[in-house]
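Colleague: Below you will find the structure I want to go over with you.
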Amino acid sequence: ISISIEAESNFAKIIIKDTGTGISDENKKLLFRKFQRTGSNLLTRQEGTGLGLHLANLLIAKMGGTINIERTEINKGSTFSFTIPIFNN
Numbered sequence: 002i003s004i005s006i007e008a009e010s011n012f013a014k015i016i017i018k019d020t021g022t023g024i025s026d027e028n029k030k031l032l033f034r035k036f037q038r039t040g041s042n043l044l045t046r047q048e049g050t051g052l053g054l055h056l057a058n059l060l061i062a063k064m065g066g067t068i069n070i071e072r073t074e075i076n077k078g079s080t081f082s083f084t085i086p087i088f089n090n
């Protein structure tokens with residue numbers, strides 16, 4: 002996993018890249034829903050509760066930001082990004 006941070010206007014953009022299994026187009030549509038896990042059967046299904054990305058989406062939205070899937074390829078990994086506002090006092 003690699004993480005990088007960029008400044009975009011009044012936002013911080015955090016980019017997370019992994020080299021995991023990737024996400025199918027079918028699963029991308031469901032990814033931010035509660036209790037959603039990837040994998041089509043018990044052998045390929047990912048462990049977890051299916052709440053992580055749903056909660057991340059809610060928290061980031063509450064802070065005035067957005068979360069996105071930048072890129073994903075099956076068997077090559079995924080890149081996610083999220084933005085949050087930067088407040089200057």
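Mapping of the sequence shown onto this note's numbering: residues 2 to 90, in sequence order. Where is the CB? At the ideal position from N, CA and C, for every residue including glycine.
1) Given this structure, state the Cα-to-Cα distance separating Ile61 from Thr67, to the nearest angstrom.
2) Quick check: the Cα distance between Lys18 and Leu59, rounded to an integer number of angstroms?
3) Rounded to the nearest angstrom, what separates Leu32 and Ile24 at their Cα positions?
4) To the nearest angstrom, how far is the alpha carbon of Phe12 from that of Thr73?
5) Alpha carbon to alpha carbon, how far is Ala2 from Arg34?
6) Rounded to the nearest angstrom, what separates Asn76 and Arg38 at their Cα positions?
7) By Cβ distance, which residues of its chain are closer than 6 Å to Ile15, with the 5 residues on each side in sequence left out?
8) Give me the Cβ distance between Gly51 and Phe36, rounded to the nearest whole Å; I'm assuming they're in contact under 8 Å.
Modeller: If we stick to the structure as given:
1) 6 Å
2) 21 Å
3) Going from the Cα of Leu32 to the Cα of Ile24 covers about 9 Å.
4) 24 Å
5) The residue you asked about is not Ala; residue 2 is Ile in the sequence shown. One C-alpha to the other measures close to 23 Å.
6) 17 Å
7) Ile6, Phe83
8) 4 Å
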